[in-house]
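Structure record follows, encoded as structure tokens.
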Amino acid sequence: MSTTTAAPVVAPRVETPFRRFVSEFAESRLALFGLLVFGAIALIAILAPFIAPQNPYDLAQLDIMDGRMEPGTVGGAGFTYWLGTDDQGRDMLSGIMYGLRISLLVGAGSAIIACIVGASLGMIAAYAGGRTDGAIMRLVDLQLSFPAILAALMILAFLGKGILNVVIALVVVEWAYYARTVRGSALVERRREYIEAAQCLALPTRRIIFRHLLPNCLPPLIVVATMQIARAIALEATLSFLGLGVPITEPSLGLLIANGYEYMLSGKYWISFYPGIALLVTIVSINLVGDQLRDVLNPRLKK
Amino acid sequence: MTVFLLRRLLQAGGVVLVMSLLVFVGVFAIGDPVEILISPEADQIERERAVKALGLDLPLWQQYLVFLGKALQGDLGRSFVFNEPALQLILQRMPATLELALGATLAALVIGLPLGLYAGLRPHSPVSRGIMATSILGFSLPTFWVGLMLIMVFAVQLGWLPSTGRGETVEILGTRWSFLTRDGLAHMAMPALNLALFKISLVIRLTRAGVRETMLMDYVKFARAKGLSPSRVTFVHVFKNILIPVVTVVGLEFGGTIAFSVVTESVFAWPGMGKLIIDSINVLDRPVMVAYLMIIVLLFITINLLVDITYSVLDPRVRLEGKS
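Order-wise, the sequence lines are chains Y and L.
Reading the first sequence from the start, the letters are residues 1 to 303 in full-length UniProt numbering.
Reading the second sequence from the start, the letters are residues 1 to 324 in full-length UniProt numbering.
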């Protein structure tokens, strides 16, 4: 703290770790672009009820006569369906905006919960060592040796459809990645001098773990979390496409794509095409940000 | 070695046991087994008789032992929908899935290796950058959506390939295969490519990284200094050495490919076991679900076991690790 307050007199722009991080991140135009696009998508998802031309789930606003209209058609209600309509006469643009909400909610929600669960277990494994470590890591190995899609499929087959169930399934298949990451970096960090110093000061274990160890394990955790959000969104879409994810009343992008499947064969491409593009742009933008984060936060790549 | 093998086998057996317990609890404790196993049309007397016959009045741990005993004899229940033994039903569909997965693996190697080789040899050329950018897309694209787009372009718009199904098959050794007929191959092209998408990206990246690393090795420098032609250096000295890790990873991925064929089979209505399990889940055909799960668990444990054994043969450190 004292160094940051003393320095400005000499140099107006102090190099704090955060600023260095920001400038290093901004070195990649592509990553900045990804961040911008993702920001826009998140904003659209949050503001959907205010900016969508139609509330796609208010049956009073739907006109079945407008069903399966091509993109750009002017509907009975007088406004243009820029991305066409689905079989119920729902405006696809509005459907996608609302679908994004569900997709992002499930993706980010499951990633955050999995992060908390996984990071805690990884931290416990690294700090406790011995049998606890062995037991937790065996579980991680078991989880990682089984493909995520199958594990999620089976959990949902038993639990049934529903947003909460999808989140549970995603947390179960994702926590292991966080646990492994955190354990790996915590094992390295806990041998450092500052942890030894904290232990010599007889600080409580909880304080050492949360205030000293955890913050220093954050960089790799952030990278994994970013990538896992993208993975969770894709996985949720896949599960919903297979008919095992979110219920029809709360369609995510994956379910919108699934709804268009049968019409695709008769050449009505837009019902599946545009939600897919939205999904693709979301996933790619998150991955671009994640790629750059990994490069910036990886100490091995530091010049 | 024998000790290591025995220990790994024991561990694998333990995992199978744990998974069977999980499956059992999942199916028989979460839902009401009476509703699951007995047809809803049965009346009260029939129902009670069935409960007795199926042993559902026994305590749960005894039921588990009965389930386990039957499973060991290959009896995993009968499908409600097809009224056939569930195990037999799945084994019937297995060749279609294996065929698709093998086709996808082959496609990944045939497409991925040359592209990765090129990108590794000329890392700074625009074409290589293009290849790498596309491979990122291969990791990001949702497979099922790409499948839909393939159908849209090649089946609906252009009409070159059939959209769904398995096409004409030929019977060999009692199972039907598509890859021996023209029609069958045409049906297989899109699903195999779709399933291969992720693996193509993987192979490109692995090959590229391998080539870039190997090119700096002393033996490559020596081969060049000896005056060997660049193509001989590339294809004999470099290529042979990167092939080992690539083939290993692709082999390891085979289980994942079978798992992921659930998605591809659903998109292209490919009649394999992945499509069967999705259909069974949708109609709550639980015996089939249980049988599928047990088969997949066995499959994965076998794959992992084989991998561990191969590694221990290749790298003695793996074997010795457990002893210290």
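All C-beta atoms in this analysis are idealised placements derived from N, C-alpha and C, irrespective of residue type, glycine included.
Here the structure is a predicted model, which is why all the values come from computation and not from measurement.
Among the options, which has the Cα closest to the Cα of residue i?
| i | options | result |
| --- | --- | --- |
| LEU288(Y) | LEU36(Y), SER23(Y), VAL22(Y) | LEU36(Y) |
| LEU105(Y) | GLU250(Y), TRP270(Y), ASP295(Y) | GLU250(Y) |
| ALA101(L) | SER140(L), PRO59(L), GLU48(L), PHE179(L) | PHE179(L) |
| ASP141(Y) | LYS161(Y), GLY107(Y), ALA128(Y), TYR177(Y) | TYR177(Y) |
| VAL16(L) | THR134(L), GLU213(L), VAL233(L), ALA71(L) | ALA71(L) |
| MET152(L) | SER266(Y), GLY290(Y), PRO275(Y), LEU293(Y) | SER266(Y) |
| LEU159(Y) | LEU5(L), LEU305(L), ASN282(L), SER20(L) | ASN282(L) |
| THR143(L) | VAL203(L), MET190(L), ILE309(L), VAL250(L) | MET190(L) |
| VAL171(Y) | SER110(Y), PRO49(Y), LEU293(Y) | SER110(Y) |
| TRP175(Y) | TYR269(Y), SER285(Y), ARG231(Y), ARG207(Y) | ARG231(Y) |
| GLU189(Y) | ILE208(Y), SER252(Y), GLU24(Y) | ILE208(Y) |
| LEU68(L) | PHE24(L), MET289(L), TRP177(L), ALA119(L) | PHE24(L) |
| ILE222(Y) | LEU255(Y), LEU187(Y), GLY290(Y), ILE163(Y) | GLY290(Y) |
| PHE38(Y) | SER285(Y), LEU244(Y), GLN292(Y) | SER285(Y) |
| GLY184(Y) | VAL224(Y), THR85(Y), ALA152(Y) | VAL224(Y) |
| THR85(Y) | GLN292(Y), PHE273(Y), LEU293(Y) | PHE273(Y) |
With a 10 Å radius around its C-beta and 16 neighbouring C-beta atoms as the bar for buried, classify residue i as buried or exposed.
| i | result |
| --- | --- |
| LEU87(L) | buried |
| ALA192(L) | buried |
| HIS124(L) | exposed |
| GLU84(L) | exposed |
| VAL296(Y) | buried |
| PRO17(Y) | exposed |
| ARG129(L) | exposed |
| THR226(Y) | buried |
| THR181(Y) | buried |
| MET1(Y) | Residue placement at MET1(Y) cannot be trusted, given a pLDDT of 44 that sits under 50; what the coordinates show is reported in the next sentence. Answer is exposed; the Cβ neighbour count stays below 16. |
| ASN304(L) | buried |
| ALA148(Y) | buried |
| GLN54(Y) | buried |
| LYS268(Y) | buried |
| SER231(L) | exposed |
| ALA169(Y) | buried |
| THR238(Y) | buried |
| ARG191(Y) | exposed |
| LEU216(L) | exposed |
| THR3(Y) | Here THR3(Y) scores only 48 on pLDDT, less than 50, and its place in the model should not be relied on; the value that follows carries that caveat. Exposed, since its Cβ has fewer than 16 Cβ neighbours within 10 Å. |
Ends of the alpha helix (DSSP H) at residue i?
| i | result |
| --- | --- |
| TRP61(L) | 60-72 |
| HIS187(L) | 182-214 |
| TRP270(Y) | 270-297 |
| ARG90(Y) | That residue, ARG90(Y), is in no alpha helix (DSSP H); it is neither H nor E in DSSP. |
| ARG138(Y) | 130-145 |
| GLY39(Y) | 29-51 |
| GLU193(Y) | 193-200 |
| TRP175(Y) | 163-189 |
| PHE241(Y) | 214-241 |
| GLN11(L) | 2-25 |
| GLN92(L) | 86-121 |
| GLY160(Y) | Run containing GLY160(Y): none; DSSP gives neither H nor E here. |
| SER261(L) | 254-268 |
| PRO126(L) | 126-140 |
| GLY254(Y) | 253-264 |
| ALA223(L) | 218-225 |
| ILE277(L) | 273-282 |
| TRP160(L) | Run containing TRP160(L): none; DSSP gives neither H nor E here. |
| LEU150(L) | 143-150 |
Closer than 8 Å by beta-carbon distance: list the chain B residues that pair up with residue i, in chain order.
| i | result |
| --- | --- |
| VAL15(L) | This model lacks chain B altogether, as its protein chains are Y and L. |
Looking at chain L, which residues of the stretch 256-290 of chain Y have a Cβ within less than 7 Å of any of its Cβ atoms?
ILE257, TYR261, MET264, LEU265, GLY267, TYR269, SER272, GLY276, LEU279, LEU280, ILE283, VAL284, ASN287
Under 8 Å: do the stretch 272-287 of chain Y and the stretch 195-203 of chain Y share three or more Cβ pairs, one atom per stretch?
Verdict: no, contact absent.
Using Cβ-Cβ distances below 8 Å, what residues of the stretch 126-150 of chain Y are close to chain L?
Residues passing the 8 Å Cβ filter: LEU142, SER145, PHE146, PRO147, ILE149, LEU150.
Short-range partners of chain Y found in the stretch 137-160 of chain L, where Cβ spacing is below 9 Å
For the stretch 137-160 of chain L, the set of residues with a beta-carbon nearer than 9 Å to any beta-carbon of chain Y comprises LEU137, PHE139, SER140, LEU141, PRO142, THR143, PHE144, TRP145, VAL146, LEU148, MET149, ILE151, MET152, ALA155, VAL156, GLN157, in chain order.
Could you check whether the stretch 10-24 of chain L touches the stretch 291-302 of chain L, counting it as contact only if at least three pairs of C-beta atoms, one from each stretch, sit closer than 8 Å?
yes
Would the stretch 113-128 of chain Y and the stretch 217-232 of chain Y be scored as touching if the rule is three or more Cβ pairs under 8 Å?
yes
So if I threshold CB-CB distances at 8 Å, which residues from the stretch 228-239 of chain Y count as touching chain L?
ALA230, ALA234, ALA237, THR238
Could you check whether the stretch 110-122 of chain L touches the stretch 268-282 of chain L, counting it as contact only if at least three pairs of C-beta atoms, one from each stretch, sit closer than 8 Å?
no
Which residues, in order along the stretch 186-202 of chain L, keep a beta-carbon less than 8 Å from a beta-carbon of chain Y?
none
At a CB distance below 7 Å, what residues from the stretch 148-167 of chain Y approach chain L? Give them in sequence order.
ILE149, LEU150, LEU153, MET154, ALA157, PHE158
Does the stretch 191-206 of chain L come close enough to the stretch 230-250 of chain L that 3 or more CB-CB pairs lie under 8 Å?
yes
Would you be able to state if there are at least three C-beta pairs under 8 Å between the stretch 130-149 of chain L and the stretch 217-229 of chain L?
no
Compile a chain-ordered list of the residues in the stretch 279-312 of chain L whose CB is closer than 7 Å to at least one CB of chain Y.
ILE281, ASN282, MET289, LEU293, ILE296, PHE300, ASN304
Going along the stretch 257-275 of chain L in order, which residues come within less than 7 Å of chain Y, judged by CB to CB distance?
Answer in chain order: ALA259, PHE260, VAL262, VAL263, SER266.
What residues in the stretch 84-100 of chain Y have a beta carbon less than 8 Å from any beta carbon of chain L?
none
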